[in-house]
Amino acid sequence: MPYRRKKPCFLQEEEAPHVKALRLTSAPEWLPPWLASPSSSLLHAMKWASEKVSKAHKQKNQRLKQAKEAAQTEIEQYCLQREKEFKAMEDVALGSPGSCSMEVDKETHEKMTILQTFFQQNRDEVLQHLLAFVFDTWPEMHENG
Numbered sequence: 025m026p027y028r029r030k031k032p033c034f035l036q037e038e039e040a041p042h043v044k045a046l047r048l049t050s051a052p053e054w055l056p057p058w059l060a061s062p063s064s065s066l067l068h069a070m071k072w073a074s075e076k077v078s079k080a081h082k083q084k085n086q087r088l089k090q091a092k093e094a095a096q097t098e099i100e101q102y103c104l105q106r107e108k109e110f111k112a113m114e115d116v117a118l119g120s121p122g123s124c125s126m127e128v129d130k131e132t133h134e135k136m137t138i139l140q141t142f143f144q145q146n147r148d149e150v151l152q153h154l155l156a157f158v159f160d161t162w163p164e165m166h167e168n169g
């Protein structure tokens, strides 16, 4: 038996006439209009094809634009992350300005407390030496005199 091409499902003749009429009036949406209507022409086919191609081009351009925007935001996020990592490494290596001033203040405070303890310990002795130097005078002749 030779191969016979089947008719589309909406044109089956085995069905009841009212179903056939329904199917003929309501062709599937996915079927191109030039195939669904019996009065098709090459012009309709070319128009339909050009619409499909332009729709595909628009979708492709839209997908490319979305991909480009997504890549740009990803690049910006990566740059921010790397900059934060660099700042953290720089702070560890060089110390942040706040930590340097805190370190200087701490060292100054330690030195001041050491000096104050030395002052309290040696104050009486230094005062006695100073007073003795001022009040104990020995008259002497100057060598040029």
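Just so it is clear: in the sequence shown, position 114 is 138 by our numbering, and no numbers are missing.
Yeah, the Cβ is synthetic: ideal placement off N, Cα and C, and Gly gets one too.
What does the alpha-carbon distance come out to for the pair serine 123 and glutamate 98? The count along the sequence shown starts at 1 and reaches residue 123 at position 99. The count along the sequence shown starts at 1 and reaches residue 98 at position 74. In a straight line, the C-alpha of serine 123 is about 33 Å away from that of glutamate 98.
Complete alpha helix (DSSP H) runs within the stretch 72–107 (minimum length 4 residues, chain order): none
Against chain B, does alanine 94 count as a neighbour if the rule is that its beta carbon must be under 9 Å from one of theirs? Among the chains of the structure shown, chain B does not appear; only one protein chain is present.
Compare the beta carbon distance of glycine 119 and glutamate 107 with 9 Å and say whether it is the shorter of the two. To locate residue 119, count along the sequence shown from 1; it is residue 95. To locate residue 107, count along the sequence shown from 1; it is residue 83. Contact flag unset, no.
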